[in-house]
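First the structure, in the form of structure tokens, and then the observations on it.
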Amino acid sequence: MKPLEPLTAKNRQYLAFRRAVLTSQARQIVGESSTSGVVEFLRLPLQRLPQPEAVKVLLERCLKRSSNRVYFVNAHTVVMSRKEHALEETLNRGDLLLPDGSGVLWSSRLLGKPIKFNLNGTDLIPALCKAGAPKGLSVYLLGAKPGVADDVAHNLTQTNPSLTIAGIQHGYFEEQDLETVLDDIRQAKPHVVLVAMGVPLQEFWIDQHAKHLPGITLIGVGGLFDFLAHRVVRAPYLVRRLGLEWCWRLMMEPSRLGYRYTVGIVAFMYIVLQDSLLAFKRKQNIATQQ
Ligand code: UDP
5 MKPLEPLTAK NRQYLAFRRA VLTSQARQIV GESSTSGVVE FLRLPLQRLP
55 QPEAVKVLLE RCLKRSSNRV YFVNAHTVVM SRKEHALEET LNRGDLLLPD
105 GSGVLWSSRL LGKPIKFNLN GTDLIPALCK AGAPKGLSVY LLGAKPGVAD
155 DVAHNLTQTN PSLTIAGIQH GYFEEQDLET VLDDIRQAKP HVVLVAMGVP
205 LQEFWIDQHA KHLPGITLIG VGGLFDFLAH RVVRAPYLVR RLGLEWCWRL
255 MMEPSRLGYR YTVGIVAFMY IVLQDSLLAF KRKQNIATQQ
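Below you can see the structure in the form of structure tokens.
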């Protein structure tokens with residue numbers, strides 16, 4: 005995937021403006037008095053919404069057939085976004101950024117802006133399908149290895165018989181087949197496309213092709229299909245409640261996730277500490293100026 009051009013000063017201004025718009029839109033959705041809203045987290049505007057509200061907001065956008073780029077942000081995404089500037093820009097162009105995982109929650113507390121609600125896709129997407137099925141929601145599944153999305157479709161419709169699966173496409177198609185895939189999605193007219201290609205490929209894919217898929221909500225869901233197709237076993241409830249799902253995932257797939265959950269976590273903590281120090285210095289500067 006071709007990386008995007010670096011940001012110009014004008015684009016930077018536009019992104020700052022867009023963040024402000026996102027914040028005010030979120031306030032309008034949830035009401036000024038609510039603790040919900042948008043939290044500036046490590047240069048990314050994340051939604052602070054309880055899960056039922058997040059499902060409601062997402063479903064409304066899908067059924068309205070508005071165009072949306074929705075991304076989940078976890079510790080790995082933050083580390084990648086600092087390594088690859090194009091990813092940070094892509095995320096900032098998104099319409100909804102959802103906090104994913106305990107790493108984001110505890111570090112947001114450390115940074116003094118607690119996000120509180122973990123909106124991970126493994127819980128949120130099945131909840132969206134459940135709420136949307138009786139309202140005629142149609143979903144296109146794009147991504148993962150051949151055969152995986154078929155099992156996801158089977159499992160999702162078993163749980164939600166009225167859910168429409170508008171189409172299925174694995175995530176390893178050739179560049180020359182891109183137009184055929186985009187045509188297939190357009191003809192299927194889904195409300196939502198779940199793009200499960202991993203970070204950052206799915207974010208770049210969504211950002212690049214959203215304009216060719218108008219009226220569709222595109223959501224980057226990472227390894228979700230592997231869970232929903234039961235290719236990867238999810239952590240037991242208690243482990244999830246303790247915020248230790250990442251330990252479980254590491255045990256399940258040590259060779260693939262070893263680097264991400266060792267070096268990656270150290271890199272994430274470094275970013276959090278660096279940003280909290282910066283925020284502290286900025287506060288001190290303001291205090292001495294007053
Ligand atoms: N994948 C894909 N196309 C690719 C590369 C990866 O569809 O070219 C799929 C892969 O099969 C897996 C998912 O993307 O189902 C990535 O899962 P991972 O857990 O790495 O997601 P992340 O943690 O990066 O969100």
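Numbering of the sequence shown is given in the numbering used here, commencing with residue 5 and proceeding in unit increments.
All C-beta atoms, glycine included, are put in the ideal place defined by N, C-alpha and C.
Ordered along the chain, which non-local residues of its own chain (more than five positions away) have a Cβ less than 6 Å from that of VAL196? For the purposes of this step, residue 196 is taken as the residue at position 192 of the sequence shown. Same-chain partners within the cutoff: CYS66, VAL143, THR221.
Regarding LYS87 and ligand 1, is the C-beta to nearest heavy atom distance less than 7 Å? The sequence position of residue 87 within the sequence shown is 83, counting from 1. Not under cutoff, so the answer is no.
Ligand 1 site residues, beta-carbon cut 7 Å against heavy atoms: Summarising the contact set, residues whose Cβ lies nearer than 7 Å to any heavy atom of ligand 1 are, in chain order, HIS80, GLY147, ALA148, LYS149, VAL152, HIS174, GLY175, TYR176, ALA200, MET201, GLY202, VAL203, LEU205, GLY226, GLY227, PHE229, ASP230.
At which residue ranges does the stretch 211-292 contain complete alpha helix (DSSP H) runs of 4 or more residues, listed in the order of the chain? DSSP assignment within the stretch 211-292 yields the following whole alpha helix (DSSP H) runs of 4 residues or more, N-terminal first: 228-232, 241-245, 249-256.
Going by CA-CA distance only, name the one from GLN294, GLN51, LEU114, LEU91 that's closest to LEU281. For the purposes of this step, residue 281 is identified with residue 277 of the sequence shown, where counting begins at 1. Ranked by how close their Cα comes to the Cα of LEU281, the residues GLN294, GLN51, LEU114, LEU91 have LEU114 in first place.
Below 8 Å between beta carbons: does that hold for LEU50 and LEU101? The residue given as residue 50 occupies position 46 in the sequence shown. The residue given as residue 101 occupies position 97 in the sequence shown. The answer is yes: Cβ separation under 8 Å.
Which residue from LEU228, GLU92, ILE189 puts its Cα closest to that of LYS215? Here residue 215 is taken as the residue at index 211 of the sequence shown, counted from 1. Out of LEU228, GLU92, ILE189, ILE189 has the C-alpha closest to the C-alpha of LYS215.
ASN72 in three-state terms, based on DSSP: Your numbering for residue 72 matches position 68 in the sequence shown. Three-state result, ASN72: strand.
Which whole runs of the alpha helix (DSSP H) in the stretch 140-165 are 4 residues long or more, in chain order? Those alpha helix (DSSP H) runs which fall completely within the stretch 140-165 and span 4+ residues are 152-163.
With ALA200 as the anchor, note down where its beta strand (DSSP E) starts and where it stops. As a position in the sequence shown, residue 200 is number 196, starting the count at 1. Here the beta strand (DSSP E) through ALA200 covers 196-200.
Have a look at ALA233, SER259, GLY247, GLU57 and flag the residue whose alpha-carbon is nearest the alpha-carbon of ALA131. By one-based count along the sequence shown, residue 131 stands at place 127. Cα-wise, what sits closest to ALA131 is GLU57.
Determine whether the Cβ of LEU217 lies closer than 8 Å to any Cβ atom of chain B. The structure shown contains no chain B; it holds only a single protein chain.
Run through the DSSP bridge pairs and tell me what GLU2 is partnered with. Absent from the structure is residue 2, since the part of the chain shown begins at 5 and ends at 294.
Assuming ARG97 contacts ASP211 under a Cβ cut-off of 8 Å, what Cβ separation, rounded to an integer in Å, is found between them? By 1-based counting over the sequence shown, the position of residue 97 is 93. By 1-based counting over the sequence shown, the position of residue 211 is 207. Correct: roughly 6 Å between the Cβ atoms.
Helix, strand or coil at GLN294 according to DSSP, with G and I counted as helix: By 1-based counting over the sequence shown, the position of residue 294 is 290. Reduced to three states, the DSSP call for GLN294 is coil.
If I'm right that VAL199 touches VAL225 with Cβ under 8 Å, what's the distance once you round it to whole angstroms? On the sequence shown, residue 199 is found 195 positions in, with the first residue counted as 1. On the sequence shown, residue 225 is found 221 positions in, with the first residue counted as 1. With 8 Å as the limit, VAL199 and VAL225 qualify as a contact, their Cβ atoms being about 7 Å apart.
Please classify GLY151 as buried or exposed, where buried requires at least 16 other C-beta atoms within 10 Å of its C-beta. What you label residue 151 is simply residue 147 of the sequence shown in a count that begins at 1. When all chains shown are included, GLY151 counts as exposed.
Can you tell which of ASP279, LEU248, THR94 has the C-alpha that lies nearest to the C-alpha of ASN72? Here the question's residue 72 lines up with position 68 in the sequence shown. If we check each option's Cα against that of ASN72, THR94 comes out closest.
Which of the three DSSP states, helix, strand or coil, is assigned to VAL203? The count along the sequence shown starts at 1 and reaches residue 203 at position 199. Coil at VAL203, not helix or strand.
So is THR81 buried or exposed if we call it buried at 16+ other beta carbons inside 10 Å? By 1-based counting over the sequence shown, the position of residue 81 is 77. THR81 is classed as buried because its beta carbon has at least 16 other beta carbons within 10 Å across all chains shown.
Could you give the DSSP three-state label for PRO2: helix, strand or coil? Nothing about residue 2 can be read from this structure; the chain reaches only from 5 to 294.
Among all the DSSP beta bridges, which residues are the ones paired with LEU101? Counting from one through the sequence shown, the residue named residue 101 turns up at place 97. LEU101 pairs with TYR75.
Does the stretch 103-123 come within contact of the stretch 134-148, defined as at least 3 CB pairs closer than 8 Å? Counting C-beta pairs closer than 8 Å gives fewer than three between the stretch 103-123 and the stretch 134-148, which falls short of the contact rule.
Please tell me whether ALA79 and VAL108 are closer than 8 Å, where the distance is taken between their beta carbons. The count along the sequence shown starts at 1 and reaches residue 79 at position 75. The count along the sequence shown starts at 1 and reaches residue 108 at position 104. Yes; because the gap between Cβ atoms is below 8 Å, this pair is in contact.
Just grab the DSSP bridge partners of THR184 for me. By one-based count along the sequence shown, residue 184 stands at place 180. According to DSSP, THR184 bridges with nothing at all.
Three-state secondary structure (DSSP) at GLY136? Position 132 of the sequence shown, counting from 1, holds the residue named residue 136. The three-state reading of DSSP puts GLY136 in helix, counting H, G and I together.
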